[in-house]
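Chemist:
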Amino acid sequence: MIRHDACRRNARGFLAGAVKDRTFTALVLALVLIGIMGMLRPDKPRGVYPKRYWARKISWHQCADAVLAGDSRVLGGVSPTEMRKTLAEWRILNYGFASNLYVPEYLEALESLLDPESKSKAILLAITPHSLTEDPDVTGQFAELKGRSRSQIYADICLAPLVSFVEYMSFQDALHGLIPALAKGRTQKEFHADGWLAYQRQPPGEKRELKKYYRGYQKVQVSAKMVEGLNRFVSRWTQTGIRVYAFLMPTCQEMFELEQQYSGFDRRQFVEGFEKAGGIWVDVDPCAYESFDGSHLQSYAARQFSDDLAQRIGDLERSRDSE
Amino acid sequence: MQFNSLVFIIFGAVFFAAWPVFRTRRNPRWMFLVTASFIFYGWWDWRFLFLILASGLIDFFAGLGIERLPRRKKLLLVLSILGNVGSLFIFKYVGFVTGTFNSLMSLAGGDVRLPAAHLILPVGISFYTFQSMSYTIDIYRGRLHPTRNVFHFFAYLSLFPQLVAGPIVRARDLLPQLESAGPLTEQQRWDGLKLIVFGYFKKVVVADTLAASVNVAFAASSPADSACYWWIVMIMFAFQILCDFSGYSDIARGLGKWMGYEFPLNFDHPYTAGSFREFWQKWHISLSTWFRDYVYIPLGGSRRGAGHAHATMWATMLISGLWHGAAWHFVLWGALHSLYLSAERLTNWPAKLAKLPGGRHLAPLAVFILTVMAWVFFRAQDFGQACAVFARMFNFLAFDSALAHKLIDNNAINVLLIMIGYELVVHFGKNRPQATPVSPKIMRVLEPVGIAVLILVCVFMRAPSNTFIYFQF
Chain D
417 MIRHDACRRN ARGFLAGAVK DRTFTALVLA LVLIGIMGML RPDKPRGVYP KRYWARKISW
477 HQCADAVLAG DSRVLGGVSP TEMRKTLAEW RILNYGFASN LYVPEYLEAL ESLLDPESKS
537 KAILLAITPH SLTEDPDVTG QFAELKGRSR SQIYADICLA PLVSFVEYMS FQDALHGLIP
597 ALAKGRTQKE FHADGWLAYQ RQPPGEKREL KKYYRGYQKV QVSAKMVEGL NRFVSRWTQT
657 GIRVYAFLMP TCQEMFELEQ QYSGFDRRQF VEGFEKAGGI WVDVDPCAYE SFDGSHLQSY
717 AARQFSDDLA QRIGDLERSR DSE
Chain W
382 MQFNSLVFII FGAVFFAAWP VFRTRRNPRW MFLVTASFIF YGWWDWRFLF LILASGLIDF
442 FAGLGIERLP RRKKLLLVLS ILGNVGSLFI FKYVGFVTGT FNSLMSLAGG DVRLPAAHLI
502 LPVGISFYTF QSMSYTIDIY RGRLHPTRNV FHFFAYLSLF PQLVAGPIVR ARDLLPQLES
562 AGPLTEQQRW DGLKLIVFGY FKKVVVADTL AASVNVAFAA SSPADSACYW WIVMIMFAFQ
622 ILCDFSGYSD IARGLGKWMG YEFPLNFDHP YTAGSFREFW QKWHISLSTW FRDYVYIPLG
682 GSRRGAGHAH ATMWATMLIS GLWHGAAWHF VLWGALHSLY LSAERLTNWP AKLAKLPGGR
742 HLAPLAVFIL TVMAWVFFRA QDFGQACAVF ARMFNFLAFD SALAHKLIDN NAINVLLIMI
802 GYELVVHFGK NRPQATPVSP KIMRVLEPVG IAVLILVCVF MRAPSNTFIY FQF
């Protein structure tokens, strides 16, 4: 009994001492605040943890029948899961990255995603004028991720829940989280295991990307060398039995017109060269889907487009099979 | 290992968990300190541990020799300095010297070319060689007795909080502290935590956020044509480098306090300085005093007349510029500051300006603007870029509002305004009696809340990680 009382006195003494210790108080309080903030953060992404998503995506190897390629427009604009509703026999992955260019390193990596055992291998190239430029100021996300060491990738996969919990938040994010009325709009991201990154912005219909693209095309335009390089790969792939489809990635009407006028992209000429290399061009309506920022598609528009694209490719596959 | 990395947080947690066990035991304490410091340094590249070992051993034995063999003490000092300066020269300056020689040869039309040297610069070499040199020089001057225990020496030389980016601590200040092992007080722990948290805030929230905008500006193939844009960028850089470096120093001082050691203050609000003389008394204080004690004064200082004092000051500042980086634009940065200091000595303009109405505030503003201009030479990747940026800063006819707006529209400007506001509060609060509106009891409650919120800000509002700028020196 006496021993029990002494223990209680010691515990109380320790607790009182700890509370008086400002270092201890500040650290405990900080841990509590971090916990609350992490749980209530306003910009919490949905789906796979972002770090894990990128780390897995860059490590994919020989695991797909069909691969979607391109820049941020395909990254956020095509859902493989939606496509599989029509093309059920294909394992499809979205290998799009932000600011991506069709450079040889990317095309090599793209090919390496195809399963050598697959009976029907296909590459689906989403064409945007920017992905055919040679912009020296752009280090695409693909190059950045490829430069990461194995240990970094492993850490990203394993520590993703912790890192996501304490992910960076700007003053603006925090303020908008506390007072949502101040936010002009909010973009919700959802990371899918098949490589799709769905964007949902409220309210939709902003055109803020137009200015950026306009300025970009004043500096760099579609490069003939880049197109030639891509077609060389298309030719190589088709000769080894890989079917290569390409389509113009939809965007908003204003962006489509801007790119027609300033990007140096000649659709007719590109399609000619591509088909000559053995590729199959898929015609899609480039302005029929809703964009949220003047360039990229809203998630529901992306789903609709994925469905339409899959049906077109399905038709083409069937007509090829019947031939 | 960087302070702003997860691996350091783990390392720090393990170190401070074990520290209470080791700190009261004499020999285990030295070994623990040296082992932990070597792990800290070797994490970056273990091969360079041999360099720090070799450089340290030369000075350790030179120190012993200087005391035991007074007749040979000059020779031993020269050998020690040659060892330090030699390793610094090989790793830091060989490439610069060969590059300059080759450029001169090609200008003169000669065919002789020296092979280009591409050596990795060991992290913190400029800091620990200076610290090591001060040890032997102080023994030579009779201001310090050498330690006879090699672990004592390496605990001083490689103590991890200040090993790679200072503050540069003198052996006569640190060695006696390393000997003591009194219990840590609550005040020491609290002061340590405050310094560490403020240091992290400066580095990961302020400096790294500003770095994103500054790096974009300097990475462009040709500098953007807008005076307003470049002035904002350069003011951002001024605060980036201050917060990056003083943040590191604060973290180092805080960690030192947690170990029971005091490191000197390294930055004392330099942008509130009313003259360049005062600026250099507030900026990188441990390096400035090192140059004063081991370069400026031995060269004659101000004892041999005004002309000689100017020449000595120029020499010291040019060496200081070269210490910061082996490139001509760093030398020019040093030269520009020498020019400022010379002009100040000759005209005494800050004192004259301070006498005018509002002059007390105009003088710091003028010093700040001139300092910002000098930073162009420090930040630029080469001399050509520095000149191009300089020209853009003074082309007031070119005003691209879109570019300036781009800068204003991001997080960096919020951070910059906070820092400017803080420095203004410090400036206007100078010479005023300290008013304490809140009772000490309430402060004891409020302060931990404030620090907890600051930790929260550091965790959630940290910008993408950047290496500390002074690591490359």
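Chain order of the listed sequences is D and W.
Heads up, the first sequence stops at 739 in the working numbering, and the numbers go up one at a time, no gaps.
Heads up, the second sequence stops at 854 in the working numbering, and the numbers go up one at a time, no gaps.
Beta carbons: idealized from backbone N, C-alpha and C, even for Gly.
When DSSP labels each residue in this structure, what does D:W510 get in the three-state scheme?
Modeler: The residue asked about is misnamed: residue 510 of chain D is Asn in this sequence, not Trp. DSSP places D:N510 in strand when its eight states are reduced to three.
Chemist: Enumerate in chain order the residues of its own chain whose CB-to-CB distance from W:F579 is below 6 Å, with the five nearest sequence positions on each side excluded.
Modeler: Excluding sequence neighbours, W:F579 sits near D631.
Chemist: Going along the stretch 817-845 of chain W in order, which residues come within less than 8 Å of chain D, judged by CB to CB distance?
Modeler: Residues R825, E828, P829, V830, I832, A833, V834, I836, L837, V840, F841, M842, R843, A844 and P845.
Chemist: Work out the CA separation of D:K473 and D:Y511 for me, nearest whole Å.
Modeler: Those two C-alpha atoms are separated by around 7 Å.
Chemist: Check whether the Cβ atoms of D:V638 and D:P545 sit closer than 9 Å, and answer yes or no.
Modeler: Result yes, Cβ atoms of D:V638 and D:P545 sit closer than 9 Å.
Chemist: Hey, does W:N792 have any beta-carbon neighbour from chain D nearer than 9 Å?
Modeler: Judged by the 9 Å Cβ criterion, W:N792 is in contact with chain D.
Chemist: Beta carbons nearer than 7 Å to chain W: which residues of the stretch 556-585 of chain D have them?
Modeler: Of all residues in the stretch 556-585 of chain D, V582, Y584 and M585 have a Cβ within less than 7 Å of some Cβ in chain W.
Chemist: Between the stretch 569-599 of chain W and chain D, which residues of the former have CB atoms less than 7 Å from a CB of the latter, in chain order?
Modeler: From the stretch 569-599 of chain W, only R570, W571 and L574 have a Cβ closer than 7 Å to chain D.
Chemist: Do you know whose CA, among D:E550, D:V582 and D:R602, lies nearest D:K641's CA?
Modeler: Nearest C-alpha to D:K641: D:E550.
Chemist: Can you give me the C-alpha to C-alpha distance between W:M617 and W:I801, rounded to a whole angstrom?
Modeler: Spanning the two alpha carbons is a distance of roughly 10 Å.
Chemist: Taking all protein chains shown into account, do 16 or more other C-beta atoms lie within 10 angstroms of the C-beta of W:Y422, making it buried, or fewer, making it exposed?
Modeler: With 16 or more other Cβ atoms within 10 Å, it is buried.
Chemist: In terms of residues, what are the limits of the alpha helix (DSSP H) holding W:F403?
Modeler: Run containing W:F403: L387 to F403, per the alpha helix (DSSP H) assignment.
Chemist: Which residues in the same chain as W:E448 place their Cβ atom closer than 6 Å to its Cβ, once the five residues preceding and following it in sequence are excluded?
Modeler: Closer than 6 Å at the Cβ level, and outside the excluded window around W:E448, lie P527.
Chemist: Pick helix, strand or coil for D:K501, following the three-state DSSP scheme.
Modeler: Looking at D:K501 - three-state DSSP - the assignment turns out to be coil, as it is neither helix nor strand.
Chemist: In angstroms, rounded to a whole number, what distance separates the CA positions of D:V579 and D:A471?
Modeler: So the alpha carbons of these two residues sit roughly 13 Å apart.
Chemist: Given W:F749, which residues of its chain have a CB within under 6 Å of its CB, disregarding the five upstream and five downstream residues?
Modeler: Closer than 6 Å at the Cβ level, and outside the excluded window around W:F749, lie Y652.
Chemist: Just list the residues that DSSP pairs D:Q618 with in beta bridges.
Modeler: According to DSSP, which records beta bridges pairwise, D:Q618 is partnered with D:R602.
Chemist: Using 8 Å for Cβ pairs, my map puts W:Y581 next to W:C839. What's the rounded Cβ distance?
Modeler: With a Cβ gap of about 5 Å, W:Y581 and W:C839 count as contacting.
Chemist: Where do the ends of the beta strand (DSSP E) carrying D:L541 lie?
Modeler: Note, D:L541: beta strand (DSSP E), A538 to I543.
Chemist: Using a Cβ-Cβ cutoff of less than 7 Å, which residues in the same chain neighbour D:N516 once the five nearest sequence positions on both sides are dropped?
Modeler: These residues qualify, in order along the chain: G486, D487, Y522, S547, G556, Q557 and F558.
Chemist: Output, in chain order, the set of chain W residues within a Cβ distance shorter than 8 Å of D:D701.
Modeler: Chain W residues near D:D701: none, gap ~33 Å exceeds 8 Å.
Chemist: In the DSSP assignment, what are the bridge partners of D:A485?
Modeler: D:A485 is bridged to D:Y511 and D:L541.
Chemist: Taking W:E567 as the query, report the chain D residues whose CB atoms sit under 8 Å from its CB, ordered along the chain.
Modeler: Those are K436, D437, R438 and T439, listed as they occur along chain D.
Chemist: Considering only C-alpha positions, which residue in the set W:L559, W:W571 and W:N465 is nearest to W:R825?
Modeler: W:R825 has its Cα closest to that of W:W571, out of W:L559, W:W571 and W:N465.
Chemist: With D:F663 as the anchor, note down where its beta strand (DSSP E) starts and where it stops.
Modeler: Run containing D:F663: R659 to L664, per the beta strand (DSSP E) assignment.
Chemist: Provide the residue(s) that pair with W:A330 in DSSP beta bridges, ordered along the chain.
Modeler: The question about residue 330 of chain W has no answer, for chain W in this structure spans 382 to 854.
Chemist: Closest Cβ-Cβ distance between D:Q588 and chain W: below 9 Å?
Modeler: So yes, D:Q588 belongs to the interface.
Chemist: Check the Cβ-Cβ distances between D:A446 and every residue of chain W, and say whether any is below 9 Å.
Modeler: Taking Cβ atoms only, chain W reaches closer than 9 Å to D:A446, which makes this a yes.
Chemist: Between D:S759 and the rest of its own chain, which residues show a CB-CB distance below 7 Å, the 5 nearest in sequence each way excluded?
Modeler: Any question about residue 759 of chain D goes unanswered here, given that chain D covers just 417 to 739.
Chemist: Alpha carbon to alpha carbon, how far is W:F541 from W:E725? Give it in angstroms, no decimals.
Modeler: For W:E725 and W:F541, the distance between alpha carbons rounds to 39 Å.
Chemist: Reducing DSSP to helix, strand and coil, say where W:V614 ends up.
Modeler: In the structure shown, W:V614 sits in a helix (DSSP, three-state: H, G or I).
Chemist: Go ahead and label D:H592 buried or exposed: buried means 16 or more other beta carbons lie within 10 angstroms of its beta carbon, across all protein chains shown.
Modeler: Label assigned to D:H592: buried.
Chemist: Could you name the residues of the same chain whose beta carbon sits closer than 7 Å to that of W:I433, not counting the 5 residues immediately before and after it, in chain order?
Modeler: Cβ within range, chain order: Y422, Y509 and S539.
Chemist: Strictly below 7 Å CB to CB, what residues from chain W border D:A442?
Modeler: Those are L574, P829, I832 and A833, listed as they occur along chain W.
Chemist: Excluding sequence positions up to five away, which residues of its chain have a Cβ less than 7 Å from the Cβ of D:S475?
Modeler: If we look at D:S475 and ignore the five residues flanking it on each side, its Cβ neighbours are I569.
Chemist: Near D:R624, which residues of its chain fall below 8 Å by C-beta distance, leaving aside the five closest residues on each side in sequence?
Modeler: If we look at D:R624 and ignore the five residues flanking it on each side, its Cβ neighbours are D709 and G710.
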